[in-house]
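Under the UniProt record's numbering, the sequence shown has 2 at position 2, and the numbering climbs by one with no breaks.
A short worksheet on the structure shown next.
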Amino acid sequence: MKGNCVYSLDGWVESGEASVGIQEKESLAHVWHKHLGHISEAGLHELEKREVLGNKGLGKLEFYENRVLRKSTRVSFGRGQHTTEGVIEYVFADL
1 MKGNCVYSLD GWVESGEASV GIQEKESLAH VWHKHLGHIS EAGLHELEKR EVLGNKGLGK
61 LEFYENRVLR KSTRVSFGRG QHTTEGVIEY VFADL
């Protein structure tokens with residue numbers, strides 16, 4: 001609504017609760033870790049000693065327990081057992 005060249009809000013105010021997510025700024029070490037194909041922390045510090053990544057301090061790479069647990073529980077597939085005796089059985093099995 002406009003009156004006397006002043007705009008006023010024709011509405012209402014609602015109050016309640018809101019969920020707000022805040023994203024923290026990633027550390028420089030974490031950015032380089034992802035950029036270099038998930039290089040280890042020791043590898044990052046070696047590159048830092050050689051001044052390959054610039055002269056800014058990288059800091060410490062955060063430890064993510066869920067990634068370590070996921071890697072440690074991975075099991076490779078076992079070898080399959082084939083019971084076919086001739087080539088023709090493979091052809092019919094593929095259909």
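Note that the Cβ used here is the ideal one computed from N, Cα and C, for glycine as well.
Rounded distance between the beta-carbons of residue j and residue i, thought under 8 Å
i   : j   : result
L58 : E48 : 5 Å
H30 : L53 : Actually they are not in contact, since the Cβ atoms of H30 and L53 sit about 13 Å apart, beyond 8 Å.
L36 : K56 : That pair is no contact at about 16 Å.
Limits of the alpha helix (DSSP H) - the one that residue i falls within
i   : result
H30 : 28-35
E48 : 41-49
Where residue i falls, given that 16 or more other Cβ within 10 Å makes a residue buried
i   : result
H38 : exposed
H33 : buried
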